[in-house]
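To start, the structure itself, in structure tokens.
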Amino acid sequence: MKYKVAHIITRQDKGGSAENTLLTVLGLNKEKYDVTLIKGSTLESDMSNDERSANERDLKRALDLGVKIITVDELVRRISPLNDLKAFIKLFSIIKKGKYHIVHTHTSKAGILGRWAAWLCKTPVILHTPHGHIFYGYYGKFITWIFKMIEQITGLITDRIITLTDKEKQEHIDFKIAPPEKFITIHSGVEIKRFLEITHEDTKRIRKELNIPDDYLVVGTVGRLVEVKGHKYFIQAAHKVLKSFQLSAFSFQPYKGIKFMIVGDGHLISDLKKDANILGIADSVIFTGWRNDVPVVMSTFDIFVLPSLNEGMGKVLVEAMLLKRPIIASRVGGIPDLIRDGENGILMSPASPDELSKVIVELIKSEDRRIKMGNSGRLMTESYSDRVMVEKIESLYNLLIKS
492 MKYKVAHIIT RQDKGGSAEN TLLTVLGLNK EKYDVTLIKG STLESDMSND
542 ERSANERDLK RALDLGVKII TVDELVRRIS PLNDLKAFIK LFSIIKKGKY
592 HIVHTHTSKA GILGRWAAWL CKTPVILHTP HGHIFYGYYG KFITWIFKMI
642 EQITGLITDR IITLTDKEKQ EHIDFKIAPP EKFITIHSGV EIKRFLEITH
692 EDTKRIRKEL NIPDDYLVVG TVGRLVEVKG HKYFIQAAHK VLKSFQLSAF
742 SFQPYKGIKF MIVGDGHLIS DLKKDANILG IADSVIFTGW RNDVPVVMST
792 FDIFVLPSLN EGMGKVLVEA MLLKRPIIAS RVGGIPDLIR DGENGILMSP
842 ASPDELSKVI VELIKSEDRR IKMGNSGRLM TESYSDRVMV EKIESLYNLL
892 IKS
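First residue of the sequence shown? That's 492 in our numbering, and the numbers climb one at a time after it.
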């Protein structure tokens, strides 16, 4: 018999958690699982027209593989008691009608509403993947305390919680979200093939498109332009690095200049551009906006930076490692599980532009160190394929169904 599985997520856009969910529903064995993706509305997710088109293509891929897709318009990220109640009632109705054997929720809002709806429908197996957490870096103390309490209560009705890293798992245990035996770590998967197929000609083409001279070094970052990603500190650090370059350009040889690149879109884009203007570095900072060819754009980077204030795993770190790029990343969330300080990258304190700028300068001046870190990172990527991730999730499903 086929087992009926429903995946529920608030925003099925182009973010890391959404891509993880998409790869899972695409990869699950369709001879064994009848898969449904229940998603919230994307109207509030600030997607550009290009991003929306790419998202529609992703959903068509899922439909072509037999995945059923249901949209719950009231399921949105922002908190709205009336909308949330409507979303809950719709989820309850969908799950009751679908008679699923497994309900697997993703992210905070969908995780709370979806798990309780599944529990009321007496769904045999209930799982949740938080994709990080919101216990710091997002809200004030009181709101955070409320979220923790809700997660703790919801943990009682959850059979397994899938964390992306061991650090994330330990933080959930420390916050007493659920007992240790309810947690399992399954790394977020990456479509490795997309990165290994990139050629030198592809990289040259993008550098030309973005007007980056051949003798310029590129320091880049990728992510949604929202507060928790720490882009303002990236820009502040860029200003300090460029100032150092102006004072002693000879020590940065053979590079004639440095470009800083921010790949992604979000509500902070105007503020970040304004920051770059105020600091007088607008000509040295490239804002690409949303791109459908992120792997190729990332291949133009000489150094990859992830200045997040909180991060579940940082899937983009694996992508940078596939491209053999040295990494500088904040010592937060699950990042230290991927970055071995001094081996495949350098860990730094979050919200610290002074520290970040110093580390960037160090790596700019040491090509040998960058190459060694990049090679080391590539060796660590084998266990992060989307196929490995899906196989582990299927094994967990089988275990829970049998028990």
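Quick reminder that beta carbons are idealized off the backbone N, C-alpha and C, glycines included.
All values reported here derive from a predicted model rather than from experimental measurement.
Please report the residue range of the beta strand (DSSP E) in which residue i lies.
| i | result |
| --- | --- |
| Val-754 | 748 to 754 |
| Met-804 | Where Met-804 is concerned, there is no enclosing beta strand (DSSP E), given that its DSSP letter is neither H nor E. |
| Thr-620 | 616 to 620 |
| Val-558 | From DSSP, Val-558 is part of no beta strand (DSSP E); its letter is neither H nor E. |
| Phe-741 | Neither: Phe-741 is in no beta strand (DSSP E) and is coded neither H nor E. |
| Val-709 | 707 to 713 |
| Lys-821 | Reading off the sequence shown, one finds Ser at residue 821, where the question assumed Lys. Per DSSP, Ser-821 belongs to the beta strand (DSSP E) from 818 to 821. |
| Asp-525 | 524 to 531 |
| Gly-780 | 776 to 780 |
Give a yes or no on whether the C-beta atoms belonging to residue i and residue j are separated by under 7 Å.
| i | j | result |
| --- | --- | --- |
| Ile-664 | Leu-708 | no |
| Ile-500 | Thr-512 | yes |
| Leu-566 | Ala-553 | no |
| Lys-673 | Ile-652 | yes |
| Ile-625 | Ser-599 | yes |
| Asn-801 | Gly-824 | yes |
| Ile-586 | Ala-608 | yes |
| Thr-649 | His-619 | yes |
| Thr-645 | Arg-606 | yes |
| Ser-532 | Asp-555 | no |
| Thr-872 | Ser-790 | no |
| Val-710 | Ile-851 | yes |
Roughly how many whole angstroms lie between the Cα atoms of residue i and residue j?
| i | j | result |
| --- | --- | --- |
| Ser-536 | Gly-506 | In this predicted model, Ser-536 has a pLDDT of only 49, less than 50, meaning its place in the structure is not dependable enough to derive any value. |
| Ser-876 | Gly-836 | 20 Å |
| Ile-689 | Ile-760 | 28 Å |
| Val-776 | Ile-753 | 7 Å |
| Asp-575 | Ile-617 | 20 Å |
| Thr-779 | Ile-560 | 31 Å |
| Ser-857 | Ile-819 | 14 Å |
| Val-788 | Thr-712 | 10 Å |
| Arg-543 | Thr-515 | 20 Å |
| Ser-894 | Glu-885 | 14 Å |
| Lys-639 | His-592 | 28 Å |
| Ile-668 | Arg-831 | 27 Å |
| Val-496 | Arg-698 | 43 Å |
| Glu-662 | Gly-623 | 10 Å |
| Glu-687 | Arg-696 | The residue you asked about is not Glu; residue 687 is Leu in the sequence shown. Distance between the alpha carbons of Leu-687 and Arg-696: 17 Å. |
| Glu-692 | Arg-860 | 25 Å |
| Leu-517 | Asn-768 | 43 Å |
| Ser-874 | Val-785 | 21 Å |
| Phe-792 | Asn-702 | 14 Å |
| Glu-846 | Leu-797 | 13 Å |
| Phe-666 | Ile-580 | 29 Å |
| Pro-621 | Pro-745 | 45 Å |
| Ser-742 | Lys-849 | 14 Å |
| Asp-756 | Met-804 | 20 Å |
| Thr-614 | Val-881 | 21 Å |
| Tyr-494 | Ser-508 | 24 Å |
| Leu-550 | Trp-610 | 27 Å |
When we look at the beta-carbon of residue i and count the other beta-carbons within 10 Å, is it buried (16 or more) or exposed?
| i | result |
| --- | --- |
| Gly-868 | buried |
| Phe-633 | exposed |
| Met-492 | exposed |
| Ile-726 | buried |
| Tyr-524 | buried |
| Ile-603 | buried |
| Arg-782 | buried |
| Ile-529 | buried |
| Leu-887 | buried |
| Asp-828 | buried |
| Glu-522 | exposed |
| Lys-658 | buried |
| Ala-740 | exposed |
| Asn-889 | exposed |
Am I right that residue i and residue j are in contact with their C-beta atoms under 8 Å? What's the rounded C-beta distance?
| i | j | result |
| --- | --- | --- |
| Thr-635 | Lys-660 | Rounded, the Cβ-Cβ distance is 19 Å, inconsistent with contact. |
| Ile-772 | Leu-733 | 6 Å |
| Val-809 | Val-681 | 5 Å |
For the alpha helix (DSSP H) holding residue i, just list the boundary residues, first then last.
| i | result |
| --- | --- |
| His-624 | That residue, His-624, is in no alpha helix (DSSP H); it is neither H nor E in DSSP. |
| Ser-544 | 540 to 555 |
| Thr-635 | 632 to 646 |
| Asp-564 | Premise fails: Asp-564 is in no alpha helix (DSSP H) and is neither H nor E. |
| Met-880 | 877 to 893 |
| Arg-860 | 858 to 870 |
| Arg-651 | Per DSSP, Arg-651 belongs to no alpha helix (DSSP H); it is in the beta strand (DSSP E), 651 to 654. |
| His-597 | Counting along the chain, His-597 falls outside any alpha helix (DSSP H), though it belongs to the beta strand (DSSP E) covering 593 to 597. |
So that I know if they touch, is there some Cβ in chain E lying closer than 7 Å to that of residue i?
| i | result |
| --- | --- |
| Lys-658 | No chain E appears in the structure shown, which is made up of a single protein chain. |
Taking 6 Å as the cut-off, does the CB of residue i come closer than this to any heavy atom belonging to the ligand FMN?
| i | result |
| --- | --- |
| Thr-620 | Ligands in the displayed structure: none, and consequently the ligand FMN is not present. |
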